[in-house]
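Engineer:
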Amino acid sequence: MTAREVLNLIDWLKSKNFTNDDIVDCIESVEGKKKKKEEKED
């Protein structure tokens, strides 16, 4: 995802009343970081 796409996504998520934490979780999930983080915790 490009930086511009991330900014557009953040703006859209904010317009849907997502919290900042929800937005970070969403972006991490899309980028595949959330899954890696959860695997490390297991």
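The opening residue of the sequence shown carries number -11 in my numbering; numbering runs sequentially from there. Just so you know, even glycine gets a beta-carbon here, dropped at the ideal spot from N, CA and C. Predicted model, so just to flag it, every value in this text is computed and none were measured.
1) Contact defined as beta carbons within less than 8 Å: I believe residue 19 pairs with residue -11. What is the distance between those atoms, to the nearest angstrom?
2) Please list the terminal residues of the continuous alpha helix (DSSP H) segment that includes residue 2.
3) Return the chain-ordered list of same chain residues with a C-beta closer than 8 Å to the C-beta of residue 10, the five sequence neighbours on each side being excluded.
4) Cα separation between residue -4 and residue 3?
Structural biologist: In this structure, then:
1) Counting from one through the sequence shown, the residue named residue 19 turns up at place 31. Counting from one through the sequence shown, the residue named residue -11 turns up at place 1. Going by Cβ atoms, the distance from residue 19 to residue -11 rounds to 7 Å, so yes, they are a contact pair.
2) For the purposes of this step, residue 2 is taken as residue 14 along the sequence shown, with counting starting at 1. Counting along the chain, the alpha helix (DSSP H) containing residue 2 begins and ends at -9 to 3.
3) Your numbering for residue 10 matches position 22 in the sequence shown. Within the same chain, residue 10 has close Cβ partners 1.
4) Residue mapping note: residue -4 aligns to position 8 of the sequence shown, counting from 1. Residue mapping note: residue 3 aligns to position 15 of the sequence shown, counting from 1. Taking C-alpha positions only, residue -4 is separated from residue 3 by approximately 11 Å.
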